[in-house]
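First comes the structure, then the notes that go with it.
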Amino acid sequence: MKFKLAIIAALFMAGSAQAAEIIDVHRDANCGCCKDWVKYLQANGFEVRDHVENNMSAVKQRLGVAPRLGSCHTGVINGKFVEGHVPVAQILELKQRADLLGAAVPGMPSGSPGMDYGQPAQAYQVIGLTTAGKDVVMADYAAQ
Numbered sequence: 111m112k113f114k115l116a117i118i119a120a121l122f123m124a125g126s127a128q129a130a131e132i133i134d135v136h137r138d139a140n141c142g143c144c145k146d147w148v149k150y151l152q153a154n155g156f157e158v159r160d161h162v163e164n165n166m167s168a169v170k171q172r173l174g175v176a177p178r179l180g181s182c183h184t185g186v187i188n189g190k191f192v193e194g195h196v197p198v199a200q201i202l203e204l205k206q207r208a209d210l211l212g213a214a215v216p217g218m219p220s221g222s223p224g225m226d227y228g229q230p231a232q233a234y235q236v237i238g239l240t241t242a243g244k245d246v247v248m249a250d251y252a253a254q
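Per our numbering, the sequence shown starts with residue 111, numbered consecutively.
Okay, here's the thing in structure tokens:
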């Protein structure tokens, strides 16, 4: 019986030892939706390194976020930018996409992660920025 318990405990510990995805989030101290997006990431298993910034424009410029893709906060995961309220599915997809420098949800559409304040969800797209500087649609989210 002790042997069976030891095996079960070892299997449990091995499964729980998986490392969480680490994402650095750069945000303004006074932005409530940025904090909500951080909570969304944490609820989905991400380890968030939260960086409060005084100059988000400089952060975005340094990370190569094109102004047309801008939103309120910027994440960095595996060397790629995550601009705005990007859903977890597209953040994880970045790992599989060597052709992309990052992903963005331009603006702050209601209904996107961190912007779900009980208002009707707007349609929005997740845009990937290719290494050639082109925008590609990674996902379409419908209005509700």
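For each residue, glycine too, the CB sits at the ideal point set by N, CA and C. Computed from a predicted structure; not experimentally measured.
Out of 160, 178, 229 and 193, which one is the CA nearest neighbour of residue 254? 229
With distances taken between CB atoms, is the gap from residue 168 to residue 192 smaller than 7 angstroms? no
Go ahead and label residue 149 buried or exposed: buried means 16 or more other beta carbons lie within 10 angstroms of its beta carbon, across all protein chains shown. exposed
Output yes or no for whether 7 angstroms exceeds the beta carbon distance between residue 143 and residue 225. yes
Starting from the C-beta of residue 162, find all residues in its chain whose C-beta is less than 6 angstroms away, skip the five residues before and the five after it, and write them out in chain order. 139
Just to check my reading of the structure: residue 236 and residue 249 have Cβ atoms closer than 8 angstroms, yes? What is that Cβ distance to the nearest angstrom? 4 angstroms
From 135, 129 and 227, pick the residue whose C-alpha is nearest to that of residue 155; which is it? 129
What would DSSP say about residue 247, mapped onto helix, strand or coil? strand
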